[in-house]
Amino acid sequence: MVWNLGELAPAAERVLTLTVGVPANVPMGTVITNIANADSDNEPNGPVNSDPNEVTVETLANLAISKQSTTARAVAGENLAYTITVTNNGPSDAQEVVVTDPIPMGTTFVSADMGGMLENGIVTWNVGTLPAGETVTLSLVVLVDADLADGTVISNIAIVNSPTDPETPKESDPDETPVDNNR
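Sequence positions in the sequence shown follow full-length UniProt numbering and run 1 to 183.
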């Protein structure tokens, strides 16, 4: 950026303000350094540099999570599938995004896509970076216990966490799927 200020009287000063945007994908903790310099035809020593001004980037993501079973009712002894949707509403990329999902009572883990791993009854997905404005969809399949009584409600949530969203961890609304063995 170049400003032409014209003549400046001795001991006079002008304050100039420059506002810049930081791209959403700049990692948290990045240091941006700015140095201004002034030059004049009357300056015998050439340009004069300011002291460096350093700003450390803080990222701010805004994650949302939802979870929904793919069917309105579950049947004892059959699979029940869930879709988990995580959206980054920005303005920064969400970094180190992790989604966890405790396996619901009355079910057994069958599978998880996108590298979801089961440990101690909890499925964990290491999503990594989720760009601002982007969505990731995850799937989980469980087997409904064969002896689960008609009318039992299988309740389940998913949780998202990221160090770049100060309001995490965030839970999805509970998905409540009734067992209906009379279909």
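Where is the CB? At the ideal position from N, CA and C, for every residue including glycine. Note that the structure is predicted; figures quoted are calculated from it, not measured.
Sub-8 Å separation of residue i and residue j beta-carbons
{"i": "serine 172", "j": "alanine 132", "result": "no"}
{"i": "glycine 116", "j": "leucine 80", "result": "no"}
{"i": "threonine 152", "j": "valine 179", "result": "yes"}
{"i": "glutamate 78", "j": "valine 144", "result": "yes"}
{"i": "residue 235", "j": "proline 104", "result": "This structure gives no information on residue 235, because the portion of the chain shown stretches from 1 to 183."}
{"i": "alanine 74", "j": "aspartate 147", "result": "no"}
{"i": "isoleucine 65", "j": "valine 160", "result": "yes"}
{"i": "valine 127", "j": "aspartate 101", "result": "no"}
{"i": "proline 174", "j": "asparagine 156", "result": "yes"}
{"i": "alanine 38", "j": "valine 26", "result": "no"}
Residue range of the beta strand (DSSP E) that includes residue i
{"i": "glycine 128", "result": "122-130"}
{"i": "proline 52", "result": "No beta strand (DSSP E) holds proline 52; DSSP gives it neither H nor E."}
{"i": "valine 15", "result": "Taken as a continuous stretch (DSSP letters only), valine 15 belongs to no beta strand (DSSP E), as it is neither H nor E."}
{"i": "alanine 81", "result": "79-88"}
{"i": "aspartate 165", "result": "Aspartate 165 -> no beta strand (DSSP E), and no H or E assigned at all."}
{"i": "methionine 117", "result": "117-119"}
{"i": "valine 179", "result": "Per DSSP, valine 179 belongs to no beta strand (DSSP E) and is neither H nor E."}
Pick from the options that is closest to residue i, judged by C-alpha positions
{"i": "serine 162", "options": "Ala72, Leu8, Val98", "result": "Val98"}
{"i": "glutamate 58", "options": "Val22, Leu130, Ala146, Gly6", "result": "Val22"}
{"i": "serine 50", "options": "Val15, Ala149, Ala24", "result": "Val15"}
{"i": "leucine 18", "options": "Asp150, Pro47, Met1", "result": "Met1"}
{"i": "aspartate 41", "options": "Leu8, Asn120, Ile159, Pro174", "result": "Leu8"}
{"i": "threonine 135", "options": "Thr107, Asp175, Gly90", "result": "Gly90"}
{"i": "alanine 24", "options": "Asp39, Ala94, Thr56", "result": "Ala94"}
{"i": "aspartate 150", "options": "Val20, Asn182, Lys67", "result": "Asn182"}
{"i": "proline 166", "options": "Glu96, Trp3, Pro52", "result": "Glu96"}
8 Å contact criterion, which residue i and residue j should meet: CB distance rounded
{"i": "asparagine 88", "j": "leucine 63", "result": "6 Å"}
{"i": "threonine 85", "j": "threonine 70", "result": "The Cβ separation is near 12 Å, so there is no contact."}
{"i": "threonine 164", "j": "leucine 5", "result": "In fact, because the Cβ distance is near 40 Å, the residues do not count as touching under 8 Å."}
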